[in-house]
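A.B. asks:
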């Protein structure tokens, strides 16, 4: 957080002295400064700085974890990687910044999040009145804990949940399960690590764009594989992404991570 504050201080100083280039003037930091100058805006400079620090940290930790797991998923699934590379290479220059520009890439990220979320999301809700769900009565004042990971890996809701199948999150597949019990995996609270509603993570747009841009460029330029010639017995022992051990901290990361090989394409 202290490092992020230093970056922001330096940016503000250069902005006030007119030293920003054209790209920096299009950044969200500069846009936030413009909002601060608006007399109709009640946001203080302190609030702006705190928000920007959250944006930077959220975009770094969450993105790096999900990027790690997405890269590993592609290394274990060459069919998916080849299909994704074909989409990225055939897309125009505006596709990365377009919400619907790279549907298969979005599906790859979504499937990676389903299998290996960067944060172990647990949603707590207090029941305000007696409620019956699927034949079970939940008394008023009870606390209900929802595991989004458990829901998205329930074989009663997801076919072959241990398989990495991005196609399950393409628009046609999402539409096909609407109105069925399986549609719960498309709920806003299951789609990503940023929560939902008015209090969702303010850094989600930045983090999402960074992830799409980085993964698209990586797949476009490199073939990603497990480095089975590295002599690493741990890497050679892995059969699927589920076999990769996890490290738990602020976010969930591969620990240890297998050895990977990047070959230019």
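Residue numbers (the UniProt record's numbering): 1 to 265.
For glycine and all other residues, C-beta sits at the position ideal for the given N, C-alpha and C.
Here the structure is a predicted model, which means the values were calculated and not measured.
1. Taking the alpha-carbon positions, what's the residue 257 to residue 227 distance?
2. Output the distance between the C-alpha atoms of residue 86 and residue 107, rounded to the nearest integer angstrom.
3. When DSSP labels each residue in this structure, what does residue 20 get in the three-state scheme?
4. Over the uninterrupted beta strand (DSSP E) stretch that includes residue 162, give me the two end residues.
5. Hey, could you find the ends of the beta strand (DSSP E) residue 125 is sitting in?
6. Would you identify the three-state DSSP class for residue 246, choosing helix, strand or coil?
7. With DSSP as the reference, label residue 27 as helix, strand or coil.
8. Within its chain, find whatever has a CB closer than 8 Å to the CB of residue 254; leave out the 5 residues flanking it on each side and keep chain order.
9. Check whether the Cβ atoms of residue 105 and residue 224 sit closer than 8 Å, and answer yes or no.
10. Assign residue 139 to buried or exposed, taking buried as 16 or more other Cβ atoms, counted over all protein chains shown, within 10 Å of its Cβ.
11. With the cut-off set at 8 Å, would you say residue 11 and residue 29 are in Cβ contact?
12. Taking the alpha helix (DSSP H) that residue 109 falls in, what are its first and last residues?
13. At the level of alpha carbons, what is the spacing between residue 18 and residue 45?
14. Could you check if residue 134 is buried or exposed, using at least 16 other CB atoms within 10 Å of its CB as the buried criterion?
15. Does DSSP classify residue 89 as helix, strand or coil?
16. For the alpha helix (DSSP H) holding residue 233, just list the boundary residues, first then last.
17. Looking only at C-alpha atoms, which of 16, 127, 165 and 214 sits nearest to residue 143?
18. Tell me the rounded alpha-carbon separation between residue 49 and residue 156.
19. Taking the alpha-carbon positions, what's the residue 111 to residue 169 distance?
20. Per the contact definition of three or more C-beta pairs closer than 8 Å, is the stretch 174-188 in contact with the stretch 150-166?
C.D. replies: The short version:
1. 12 Å
2. 14 Å
3. coil
4. Residue 162 -> no beta strand (DSSP E), and no H or E assigned at all.
5. 122-126
6. strand
7. coil
8. 68, 69, 72, 244, 245, 246 and 247
9. no
10. exposed
11. yes
12. 103-115
13. 19 Å
14. exposed
15. helix
16. 233-237
17. 127
18. 46 Å
19. 7 Å
20. yes
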